[in-house]
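In what follows, a structure is listed as structure tokens, so that the remarks can point back to it.
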Amino acid sequence: MKITQESDYGFRVVLYLSNLGYGKKIEAKTIAKDQNVPLRFLLKLLRKLTQSGIVKSYRGVNGGYALNRVPEKITLKNIIEALDGPIYLNRCLYDTEHCNAHKEGHCGVHNALSKVQNSLIKELESINFKDIMENKI
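The sequence shown: position 68 = 68 (our numbering), numbered continuously.
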């Protein structure tokens, strides 16, 4: 698995919003400038985070973006899944029809990668943005 640039920006943006404080609004152009993220890319990213319920958007003159959950309820896994979809190390773990070995059932490699994937997911679920803010990792 490789962390995409979108997820990397997503981590930084959510940490930025976490440091601002739960519910505090800020304009996208300010986030883009402060986090050095291209505005068009940021707007796409914020749309996905809003659709997933992590961020809330406000329209109008006093509009902007704010966290929709407290930082301790937002994990690294939440961000990756909101921006990139399900986490999987190999296509066969997501869809068994994509087995390169063309085997019925699961082979030893599938079982081993599944174990690694499950550990990775548990670790990503265990790290929340409050802990990141407080350097408790």
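Ideal Cβ positions, reconstructed from N, Cα and C, are used throughout, including at glycine.
Cut-off 7 Å between Cβ atoms - residues of its own chain near residue i, not counting five sequence neighbours on either side
i	result
Ile137	Ile127, Asp131
Gln35	Arg12, Val13, Tyr16
Glu125	Thr75, Lys77
Beta-carbon gap between residue i and residue j smaller than 8 Å
i	j	result
Leu17	Leu76	no
Val70	Tyr22	yes
Tyr58	Ile26	no
Ala28	Ser52	no
Buried or exposed (CB count within 10 angstroms, at least 16 for buried), residue i
i	result
Asn78	buried
Val61	exposed
Ile80	buried
Backbone CA spacing between residue i and residue j [nearest angstrom]
i	j	result
Ala32	Gln5	15 Å
Arg40	Ser7	15 Å
Thr30	Glu123	32 Å
Lys24	Cys107	50 Å
Thr50	Tyr9	15 Å
Asp84	Ile3	9 Å
Pro38	Gly63	19 Å
Asn135	Leu42	25 Å
Contacts around residue i, its chain only, beta-carbon distance under 8 Å, and the 5 residues preceding and following it disregarded
i	result
Leu89	Met1, Leu113, Val116, Gln117, Leu120
Met133	Leu15, Ser18, Asn19, Pro71
Lys73	Asn128
Within-8 Å CB hit, residue i to chain C
i	result
Ser18	Although the question refers to chain C, the structure presented lacks it and comprises just one protein chain.
Query raised in the report: On the three-pair Cβ rule with 8 Å, is the segment 31 to 51 touching the segment 5 to 14?
Result: yes
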